[in-house]
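Asker:
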Amino acid sequence: LDLPEVPKDAVRVSAENGVLTISGERKLEKEEQGKKFHRIERAYGRFVRSFVLPDNVDPTKVTASMKDGVLEVRLVKAEQAKPKQIEISVN
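Under full-length UniProt numbering, the first residue of the sequence shown carries the number 1, and numbering increases by one thereafter.
1) So, at 6 Å on beta carbons, what are the nonlocal neighbours of Ser23 in its own chain, with the 5 sequence-adjacent residues on each side left out?
2) Looking at the unbroken beta strand (DSSP E) that takes in residue 153, where does it start and where does it end?
3) Please state whether DSSP places Ala78 in a helix, a strand or coil.
4) Between Leu3 and Ser50, what straight-line distance do the alpha-carbon atoms span, to the nearest angstrom?
5) Taking only three categories from DSSP, how would you classify Ala10?
See below:
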């Protein structure tokens with residue numbers, strides 16, 4: 001997720017109830033006094049993005065890192081329960 005000019009402490013990543021939520025706020029740092037803009041393309045303010053996690057993702061192992069304005073979220077597949085071989089005893 002591209003988050004230019006958003007410090008990492010202004011971003012929150014959570015995974016609960018099968019939903020990954022990324023939220024935060026992009027603040028207008030500097031106000032240009034006396035300048036008029038025809039168009040400003042970058043949105044400022046609060047943002048929230050939510051994604052439904054696949055059933056095979058372990059929500060306790062979700063990690064996030066941020067570098068150069070890019071948030072990277074890594075999901076780890078949950079270990080599949082392996083079938084257990086049961087011996088049959090003959091009496």
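C-beta atoms are modelled at their ideal positions from N, C-alpha and C, and glycine is treated no differently. All values reported here derive from a predicted model rather than from experimental measurement.
Answerer: The short version:
1) Arg12, Val48
2) Within the shown structure, residues of the chain are numbered from 1 to 91, placing residue 153 beyond reach of any answer.
3) Correct three-state label for Ala78: coil.
4) 15 Å
5) helix
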